[in-house]
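**Student:** Protein chains in written order, with our numbering: chain X, 1 to 1167; chain U, 1168 to 1587.
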Amino acid sequence: MKVLSLELLRFGPFAGLSLDFGKTGRNFQVVEGSNEAGKSTALRALTAALFGIPERTVDGYRHGLADLRVGIRLIDSLGQELYIVRRKGRKNTVLDRDGNPLDDAILAPYLRGVELGVFEAMFGLNHQALIEGGKDLLAGKGELGASLFGAGAGFANFHRMRIGLRDEADAIFSPRAQKPPLNLALGAFGEARRRSTELALRPSAYKELEGRLSAAGERLAGLEEEGGKQATTLSRLERLDRVLPLVTERQEVLGGLSGLGEVPSLPDGCSLARVQAQTEIGSITTQESLLLAEKDRLRAERDELEVPEVLLTRAEELETLRDLLGARRKALTDLPGVRARVEAAESDGVAILRDLGHPPTLAGVEKLRIDVATRTRLSQLQKTYVGVEVDGKAIKRSILEADTALDSLRGEHKEIPEPKDAGALKRAIAHALKQGDLEKQSRSLGTQIEVCQKRASDQLSALLLWDGSLDEVSRLALLPVESVDGFERDFLALQATKDSCEIKAKDLDDEQTSLKEELDQLVAEGSLPSDEDLEGAREERQGVWEVIRAVVTDEGVREAQSPGDLLQAYEQLVRRADDLADRLRLDADRVAGERRLRVELGRNDEARQRLSPDLAELGEQVDNLNRLWLEAWESVGIVPLSPAEMRGWLVRHEKLVATVQALDELLAKRAEVEAEIEQLRALVGGELAKLGEPSAQDAESLATLLDRAAAVGLVVDQAEQERTRIGRELQRSEEARKGLEELEAAWAREVKEWGRAWTETVSVLGLPATVSPEEVEAVLGARESLFEKVDGVAKERLRIRGMEREGEEFAGRVAALVRECAPDLGELPAEEAATSLLARFGKGQKASDRRATIDDRLLEIRDGLGELNDRRRLAEGTLSDLVRQAGCQAADELAEVEERVRRFRELTGKRHDLERQLRAEGPALEDLLEQAIAVDRDSLPGEIVVISQRIMDIDCELKEAREEVGGLKAELARMDGSDEAAQAALQAQEKLSTIERLVQDYVRLRLAGLVLEREIDRYREESQGPVLRRAGEMFQAMTGDAYQGLTSGFEADDRQVLLCRRANGEVVGVEGLSDGTRDQLYLALRLAYLDQHLGQGEPLPLIVDDVLVNFDDTRAKATLTLLGQLAEKTQILFFTHHRRLVELAKESIPAGLLEEHDLDMLNRAAS
Amino acid sequence: MLRFIHAADIHLDSPLRGLELYDGAPSQELRGATRRALSNLVHLAVDQEAAFVIIAGDLYDGDWKDYNTGLFFVKEMTRLREAGIPVVIAAGNHDAASRLTRDLRLPEGVKFLSPKAPETVILEEPGVAIHGQSFPTQAVTDNLAAAYASARDGLLNVGVLHTALDGREGHAPYAPCSLSELQTKGYDYWALGHVHRREIISEDPHVVFPGNTQGRHARELGPKGATVVAADNGRIVSVTPAILDAVRWETCHVPAAEANSGAEVLELVAGQLGNLAESADGRLLALRVVVTGRSAAHADFATRPKHWENQIRALALDSGAEIWVEKVKFATQTALDIDALAERDDPVGSLIRTLRDLSGDDPSLQDYAAVFGDLAQKLPAEYGELEDALDLRNPGGLKEMLQSVEGLLLPRLLEGSIPE
């Protein structure tokens, strides 16, 4: 199969790039392209066309994935051609020329089952594959079979893959290892299975356990029963052991009771009652004697007491006298002091009188006493005086202050200037503000104008070909765009026609040259006989033959020539004609080639001749159109460029016109704004002038002017406000001043009224009207002191008189009492007599009290004696009762009887106690006593020890039996249907699944390795001879005879390896080669394989992509020569970036085999 | 209205097979699946107020000896006794082989039918006659049904039989008999066991295989359980399946012909996971993924099968459902035209031919088998029973692998890729 053409219809950056490999039918197609020219894209397009555009392609960036199209034309060895277009997609990706889908199978006869992977491996040869191949040779240590096989098939990583198969398998399982997963899984499976078996509960085990439990249960029950019996026996014996002492004691008590004989029944506490009665009688006798002695002593004391009955009858009077005597003694002490104070006060009063200017005597002093009314009035007037005086002062001060303030306000009022009217100014400002910030507008417009001017100027200078001013721009009479488009169409149409003619001409010229070269080469290879030559030779031969025939038949005259010469000549001519015929037959190809070349040359020349007039005419048409084009622009003085460029020029011109118009509009707008500003300045300036302010200044902006006007308006307003304020304040102050004056008049009237009242009142005191309130106050004070003294003296005198009267009454009372009760005291002064009398009275009172006390006590003693007598009788009654009950004669026998009764009771209590204890043991008392009697006391303790020991043994056995039963029960309970064994079985299954998978993986990998090795061996056996020999030759050629060929040998481990023979006979393994040489060895193996196999079956083109970049020129040339030889057998598409390699290819490969394609040139042509 | 439950093939404590443990596999959910199915059966009977329960054989797994299994069964049966529901069991081939059947003391109300002769159990209260016989030995080749008693008048007649009828694929032909034979017996319902797939053989009278209660491996797919039978006036009125399984087995078939890569196949798998998980209704889903078809993705699977298997497992983990990916089978074929390649005179063609020749070359395969001797020796006997077990000692076993060897070698050779 060959590729006739590859068309990158829409692929990568290309649209319509076509590589025509079929034009000459040469087998070595060189595609050269600099970087970026699209060499790699073309390579991808080739595989895409054959095998489909990959799902993830990098070539869809320009046309979009759906629109990608690659066309390819193929021819098979039988001459069948096929053209398909490949689109990207999953189905129906093979299309015919018109885009109709074709069956993918249509490619099968051309590809013969080769898929992309196979194609790339076996028919693709590139730099990277070479390097990988070299590395793989090294990795495989040059093992012969594998090296031949890997390189032959183009499996770049072949050896590493082989190793990978083995390593992967070893990583899964190794017969003698532990860690690989299959070994682990096998171990884990066995473990899980063992665990499952261990955990499984055997039915027999369960039943045995049940049996053991039942036996243990029975033993436990038996032990429990025996234990119960033994415990009962032990308890009986222990009881007997406990009760035996009690029984003995009980018999002793019973003996004691019978020894007491008959015992009277005495009530409880009879002994106590007896002792109490006897003690009572003793105590009563003692108390009686004490009481009788006290009675005698009291009677004697009473008889000796003296009681003055007369005094005691006057007790009330005497008590009053005691009180009076105290008061009398105090009065006698106080009286001298009172008298002295009276005298002093009188003396003070006289002194005051003297101070007031009155006679120094107290007689007649009462007329000086001031009545309360006068006193009150004076006090009132004094107070009023103070108020009036204060008010007067305040009023005067206020008037003074008001006057000062008034003066000041009036001054201020006078200073405020006359008012002005700012109304008009304010209206003017408001009007101006309403127009907005005109100056800003103006500035903004200025900026826009500048920008616009700049743009216009730039656009103007960018508008080449024309050098008028901006003003003229709009007025230019230019060609309409439609006309330019018309020109352009005409130009393009003409140019296209002309280009196509020229290309055709050039192709023809090239073809001509090439045909001539080919012809020359043919000719140079040796002269070729022509049919004419043969014809001539035959004719000549025929001529001689005719002569010979004539001679032989004697038809002709013997000429000068002898028959021998004739025959020799004829022989020569026959040989020559035969020679010519042979040569014509042998060189038929060359002859036919020459013939074809000459025909083609003739045909070419004809075609070329036909083209010349067309080209001339097209030239004229172009000139004509050019002239018309220039004329169209002449009127505006422009020498135009191409229509396309001039269309751009027109667009730029139009933009410039638009800019100029915009500029004009901006300028007009700014003038308008500035006129308005001036108008406003005049208006506001005029109003300012009216208010006496300077009108608008030249340098003053409208904004500044408006600020100043606003400030002026503000000043005028403030002045008006101040004036109003001061006027209002002045008015208020004047009104206040008037009020003060009225107050002052009222005050004057008050002062006058007070003076009249004052004169009137002081005259009552005998004081002149001129006297001041302070003076009056002093006089009044002195008179008050005077009357305090006078009134004090009068009071003390009354007291002295009272004391004297009380003394007299006291003496009279004492005298009367003395007369009646103690005449012997009649001579004593009243106070002394009273004292003695009261002393006597006190003593008498005490004696009377003592007598009454004694009388009370005597009565008590009488009652006590009676009571004692009653008690004695009671106690004696009790004793006689007891004697009767005890059945004895006298009270002193009672104690003995009582002792017998106590003993009886004690023994009886003890008996009851013992019997109670015995009964508490459980069995009936009688049975117990009987058992006690029956028991052998001596053997009892021994029996108890024996039985206790047995019980302890039973307890131990019971504990063991219970533990056993508990343990067995627990064990049975654990056998509760647990699924642990099932779980382990499940885990075993899980491991088994792992084993199943790993065995598959392992066997697959190992088997793959085994099969591969078998195949390698087989291939080695088959190919070792021819391929190794051919590869050796190629390697020798490639290395410029540095190596003399290849051979094989055995390593120490019996591996058969590839060896390279050096020129000096030495052999080296692949490890001994340099990287580059090893790459060449790989290439040699690869090419040798192809060389051997390409002859058979349908060969596919070999795609060689820059494989020689690292080769020096010599080796590259040698390799190219080898490739050239391969090209005899199959088509080789040789892609390269390097011009040098193209040159080398041309030098190394026969010209008739090689065809060049320059991608750069094709690109230029296509665009 | 009378209701009873017909179950069979419980295979109590028989381990689920083929589930390889991997990181993230929901292993806890797997435990005790057959037990849970039995508990579900008991719950169903109590819930439905069943008059009785029939277990038509294979209560246990033949060679399973753990008495705990029997104890668990007794525990569950005790629940039925407490609910007053009698149980009639006909021992099947597995039960006949199981020691548990002989040794276990069953609670009152649980009746194992006699293995010596056909027996009829009369349940007076609901008015039912249950005819049947247990397997006396594991392999019963006699027609047991032939000797079953005639139908009792006035009672609902139910026959219990562990049988493969006249043969069922994948099941030993025990207790053979024909459908017509059963039909002519005059019974109202035939409760069969032994065949693990639910099947209503006949509706007049009803002859029913309820299927097993819990699928145990990848060939026992879909919902599993028992049959709830309702009868009225001595006539069967409805036969309804009741789902009892605790773990569901399903297969996810993924046709990959259209897929261009392993990643695209993953998308196809992901597309199916949701529906499959939903069908399992919250149960653990033991899922086999089978990728088939002549696909461009084949090269991915052939070069890195473990990687893609893990990817599919990761999808299952991410699905949020309890899914155990039991196995991923990459049964895809290469998109390469192998036949055409095989005809080529180049190393690839030669290799393919060698592989093909090998399948007829027993002596060579026998040589290779020797390589696997070490491994074959270490493999446990149980390995031989597995679905994908290889007979490593004989050429036949290796022959099976040749095609997958081809699938492994070609992509590796052609793409030069080496799996990680």
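Where is the CB? At the ideal position from N, CA and C, for every residue including glycine. These numbers come from a predicted model, not from an experiment.
I need the straight-line Cα distance from S214 (chain X) to L928 (chain X), nearest angstrom please.
**Tutor:** Their Cα atoms are separated by approximately 43 Å.
**Student:** Can you give, in chain order, each stretch of the beta strand (DSSP E) that sits fully within the stretch 934-1002 of chain X and has at least 3 residues?
**Tutor:** Correct list: empty.
**Student:** For D1176 (chain U), which option in U:A1466, U:A1192 and U:L1205 has the closest C-alpha, if you only look at C-alpha atoms?
**Tutor:** Among U:A1466, U:A1192 and U:L1205, the Cα nearest to that of D1176 (chain U) belongs to U:L1205.
**Student:** Just grab the DSSP bridge partners of H159 (chain X) for me.
**Tutor:** Answer is none; H159 (chain X) lacks a bridge partner.
**Student:** In chain X, what lies closer than 8 Å to V1538 (chain U) by C-beta?
**Tutor:** Correct list: R1006 and L1010.
**Student:** Does any residue of chain X have a CB that is nearer than 8 Å to the CB of F1497 (chain U)?
**Tutor:** It does not; no Cβ of chain X falls within 8 Å.
**Student:** Quick check on D870 (chain X): buried or exposed, where buried means 16 or more other Cβ atoms within 10 Å of its Cβ?
**Tutor:** Exposed.
**Student:** Using a Cβ-Cβ cut-off of less than 9 Å, list which residues of the stretch 1257-1284 of chain U approach chain X; keep chain order.
**Tutor:** Per Cβ criterion, the list reads R1266, L1267, R1269, D1270 and L1271.
**Student:** Taking the alpha carbon of Y385 (chain X) as the point to measure from, which residue in X:G648, X:T447 and X:T759 has its own alpha carbon closest?
**Tutor:** If we check each option's Cα against that of Y385 (chain X), X:T759 comes out closest.
**Student:** Can you give me the C-alpha to C-alpha distance between A300 (chain X) and Q287 (chain X), rounded to a whole angstrom?
**Tutor:** Cα-Cα distance, rounded: 21 Å.
**Student:** Who pairs with H1420 (chain U) in a beta bridge, going by DSSP?
**Tutor:** Looking at the DSSP assignment, H1420 (chain U) forms a beta bridge with U:V1457.
**Student:** Since A1498 (chain U) is in the beta strand (DSSP E), which residue starts that stretch and which ends it?
**Tutor:** Unbroken beta strand (DSSP E) run through A1498 (chain U): I1490 to T1501.
**Student:** Checking contacts by CB at 8 Å: is V1295 (chain U) closer than that to chain X?
**Tutor:** It does not: the Cβ of V1295 (chain U) has no partner Cβ on chain X nearer than 8 Å.
**Student:** Alpha carbon to alpha carbon, how far is L1059 (chain X) from V1067 (chain X)? Give it in angstroms, no decimals.
**Tutor:** Approximately 6 Å, taken between the alpha carbons.
**Student:** One question on the structure: do A981 (chain X) and G1199 (chain U) come within less than 8 Å of each other, judged by their Cβ atoms?
**Tutor:** Contact flag unset, no.
**Student:** Does Q128 (chain X) come within less than 8 Å of chain U when only Cβ atoms are used?
**Tutor:** For Q128 (chain X), the answer is no, since every Cβ of chain U falls outside 8 Å of its Cβ.
**Student:** For the alpha helix (DSSP H) holding Y110 (chain X), just list the boundary residues, first then last.
**Tutor:** Run containing Y110 (chain X): A108 to L111, per the alpha helix (DSSP H) assignment.
**Student:** Under 7 Å between beta-carbons, which chain X residues line up against S1571 (chain U)? List them in chain order, please.
**Tutor:** Simply R1004.
**Student:** Would you mind telling me which residues of chain U sit closer than 9 Å to I84 (chain X), beta carbon to beta carbon, in chain order?
**Tutor:** Correct list: empty, because the minimum Cβ distance to chain U is about 18 Å.
**Student:** Am I right that L1508 (chain U) and G1516 (chain U) are in contact with their C-beta atoms under 8 Å? What's the rounded C-beta distance?
**Tutor:** Contact holds; Cβ gap of about 6 Å.
**Student:** Buried or exposed: which applies to T659 (chain X), given that a residue is buried once 16 or more other Cβ atoms fall within 10 Å of its Cβ?
**Tutor:** Looking at its Cβ environment, which holds 16 or more other Cβ atoms inside 10 Å, T659 (chain X) is buried.
**Student:** Compute the minimum distance between the beta carbon of G38 (chain X) and the heavy atoms of the ligand GTP, and state whether it is under 7 Å.
**Tutor:** This structure simply doesn't include the ligand GTP, nor any ligand for that matter.
**Student:** So which residues on chain X does S1517 (chain U) lean against when the C-beta distance must stay under 7 Å?
**Tutor:** Going along chain X in sequence order, the residues near S1517 (chain U) (Cβ under 7 Å) are E1015 and Y1019.
**Student:** Assign F173 (chain X) to buried or exposed, taking buried as 16 or more other Cβ atoms, counted over all protein chains shown, within 10 Å of its Cβ.
**Tutor:** The residue in question, F173 (chain X), is buried, as its Cβ has 16 or more Cβ neighbours within 10 Å.
**Student:** Quick check on T41 (chain X): does DSSP put it in helix, strand or coil?
**Tutor:** Helix, per DSSP.
**Student:** Can you pull the chain U neighbours of L1087 (chain X), defined as C-beta to C-beta under 8 Å?
**Tutor:** Here the premise fails: no neighbours, minimum Cβ distance about 14 Å.
**Student:** Give a yes or no on whether 8 Å exceeds the smallest Cβ distance from L1522 (chain U) to chain X.
**Tutor:** So, interface residue.
**Student:** Comparing the C-beta of A1556 (chain U) with each C-beta of chain X, is any distance below 8 Å?
**Tutor:** Yes, A1556 (chain U) lies at the interface with chain X (some Cβ there is under 8 Å from its Cβ).
**Student:** Taking just the CA atoms, how far does H159 (chain X) sit from E1587 (chain U)?
**Tutor:** In this prediction, E1587 (chain U) scores a pLDDT of 32, lower than 50, which makes its location untrustworthy; no coordinate-derived value is stated.
**Student:** In terms of residues, what are the limits of the beta strand (DSSP E) holding H1157 (chain X)?
**Tutor:** Unbroken beta strand (DSSP E) run through H1157 (chain X): L1154 to D1158.
**Student:** Exposed or buried, which one is C452 (chain X) when buried takes at least 16 other CB atoms within 10 Å?
**Tutor:** Buried.
**Student:** Sorted by chain position, which residues of the same chain lie with C-beta nearer than 8 Å to R1319 (chain U)'s C-beta, five sequence neighbours on each side aside?
**Tutor:** T1287, I1289 and A1296, listed in sequence order.
**Student:** Cutting at 8 Å between CB atoms, please list the residues of its own chain near Y1019 (chain X), excluding the five before and the five after it.
**Tutor:** Closer than 8 Å at the Cβ level, and outside the excluded window around Y1019 (chain X), lie G145, L148, F149 and G152.
**Student:** Cα-Cα, which of X:T761, X:R749, X:A1118 and X:G739 is closest to A402 (chain X)?
**Tutor:** Here the closest residue by C-alpha is X:G739.
**Student:** Apart from the five residues just before and just after K690 (chain X), which ones in its own chain have a Cβ nearer than 6 Å to its Cβ?
**Tutor:** None.
**Student:** Are the CB atoms of F1209 (chain U) and R1246 (chain U) nearer to each other than 8 Å?
**Tutor:** Here the sequence assigns Val to residue 1209 (chain U), which means Phe is not the residue at that position. Yes; because the gap between Cβ atoms is below 8 Å, this pair is in contact.
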